[in-house]
Amino acid sequence: DAGVIQSPRHEVTEMGQEVTLRCKPISGHNSLFWYRQTMMRGLELLIYFNNNVPIDDSGMPEDRFSAKMPNASFSTLKIQPSEPRDSAVYFCASSSPGGRNGYTFGSGTRLTVV
Amino acid sequence: GNSVTQMEGPVTLSEEAFLTINCTYTATGYPSLFWYVQYPGEGLQLLLKATKADDKGSNKGFEATYRKETTSFHLEKGSVQVSDSAVYFCALHSGGTSYGKLTFGQGTILTVHP
Numbered sequence: 002d003a004g005v006i007q008s009p010r011h012e013v014t015e016m017g018q019e020v021t022l023r024c025k026p027i028s029g030h031n032s033l034f035w036y037r038q039t040m041m042r043g044l045e046l047l048i049y050f051n052n053n054v055p056i057d058d059s060g061m062p063e064d065r066f067s068a069k070m071p072n073a074s075f076s077t078l079k080i081q082p083s084e085p086r087d088s089a090v091y092f093c094a095s096s097s098p099g100g101r102n103g104y105t106f107g108s109g110t111r112l113t114v115v
Numbered sequence: 150g151n152s153v154t155q156m157e158g159p160v161t162l163s164e165e166a167f168l169t170i171n172c173t174y175t176a177t178g179y180p181s182l183f184w185y186v187q188y189p190g191e192g193l194q195l196l197l198k199a200t201k202a203d204d205k206g207s208n209k210g211f212e213a214t215y216r217k218e219t220t221s222f223h224l225e226k227g228s229v230q231v232s233d234s235a236v237y238f239c240a241l242h243s244g245g246t247s248y249g250k251l252t253f254g255q256g257t258i259l260t261v262h263p
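Take a look at the structure:
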């Protein structure tokens, strides 16, 4: 298995632009999680899905952030419009049914908004 | 609610020193417990896990024992190497209807000097 695949690995964009981050979970995993990591705030859970349905989006910082999971093999996190304070590493993770084996994380997308 | 508390870092050790990173938790029921490691520029990787009381998880020379009586899951290694320099996260999964969601500690930065 190729693991959780995120793209792009790095994204540099100008303030005000739309940014879309992509994630392909491990086949057979039915839960998907989006995290943001910064030095100041550490690891923050933004939103998570179970069987493609959003379960809890209370961690999404603002309406500028949205996430979708149209099918079991793909999810997107969109920021529109982007701001410099959105600069962070964004991680996607997936877990198998039951969750007792923990998560598998992707390698992350490092977003820089200038 | 569930919570995980890790010892505050950063932790700085010399090569071949003994390592302990403390982790205590609060959870209902019988959680599964995990240690994740994040090397510079990478995503979090599962280091070890334990799913029931008195279980010992081990990997790459690291060990942690699930102690229900003290609600702890301390990470230990007998002789650290420079390559162990990373951020270490303790986490728990409480089961039930949590959809696999993990609760993470704040992370402990470990630096090992030659």
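These protein sequence lines are chains E and C, in that order.
One rule links them: number in the working numbering = place in the first sequence (from 1) + 1.
One rule links them: number in the working numbering = place in the second sequence (from 1) + 149.
C-beta: ideal position from N, C-alpha, C; glycine also.
From a predicted model like this one, the values you see are computed outputs, not experimental measurements.
Go ahead and pull the three-state DSSP assignment for residue i.
i	result
E:Arg111	strand
E:Asp57	strand
C:Arg216	strand
E:Arg86	helix
C:Val261	strand
E:Ser97	coil
C:Val231	helix
E:His11	strand
E:Pro71	strand
C:Lys205	strand
E:Asn52	coil
C:Tyr248	coil
C:Ser243	coil
Which residues does DSSP list as the beta-bridge partners of residue i?
i	result
E:Lys25	E:Ile6
E:Thr39	E:Gly43
C:Lys198	C:Phe183
How many Å lie between residue i and residue j at the Cα?
i	j	result
C:Lys250	E:Asn102	11 Å
E:Tyr104	E:Pro62	23 Å
E:Leu112	C:Val186	22 Å
E:Gly17	E:Leu78	16 Å
C:Gln194	E:Ala68	24 Å
E:Asp58	E:Tyr91	15 Å
E:Gly99	E:Ser32	9 Å
Margin query: Residues of the region 44–59 of chain E in Cβ contact with chain C at a cutoff of 7 Å, in chain order, please.
Written below: Leu44, Tyr49, Asn51, Ile56
Check: Listed from N- to C-terminal order along the chain, which residues in the region 184–199 of chain C have their beta-carbon within a distance smaller than 9 Å of any beta-carbon of chain E?
Finding: Result list: Tyr185, Gln187, Gly190, Glu191, Gly192, Leu193, Gln194, Leu195, Lys198.
Next item on the list: Return the residues of the region 22–33 of chain E that lie within a Cβ-Cβ distance of less than 7 Å from chain C, sorted by chain order.
Entry: Ser32
Margin query: Three Cβ pairs or more, each shorter than 8 Å: is that satisfied between the region 166–186 of chain C and the region 9–29 of chain E?
Written below: no
Notebook entry, point to check: Is it true that the region 217–236 of chain C meets the region 83–92 of chain E, where meeting means three or more beta-carbon pairs spaced less than 8 Å apart?
Noted result: Two segments are said to touch when three or more pairs of C-beta atoms, one from each, lie closer than 8 Å; by this definition the region 217–236 of chain C does not touch the region 83–92 of chain E.
Next item on the list: Please list the residues of the region 95–107 of chain E that have a C-beta atom closer than 9 Å to any C-beta atom in chain C, keeping them in chain order.
Entry: Ser95, Ser96, Ser97, Pro98, Gly99, Gly100, Arg101, Asn102, Gly103, Tyr104, Thr105, Phe106, Gly107
Notebook entry, point to check: Touch check for the region 165–174 of chain C and the region 213–222 of chain C: three-plus C-beta pairs under 8 Å?
Noted result: Segments in contact, yes.
Note to self: Beta carbons nearer than 8 Å to chain E: which residues of the region 224–244 of chain C have them?
What the structure shows: Phe238, Ala240, His242, Gly244
Next item on the list: Output, in sequence order along the chain, the residues in the region 248–259 of chain C whose CB is closer than 7 Å to any CB in chain E.
Entry: Tyr248, Gly249, Lys250, Leu251, Phe253, Gln255, Gly256
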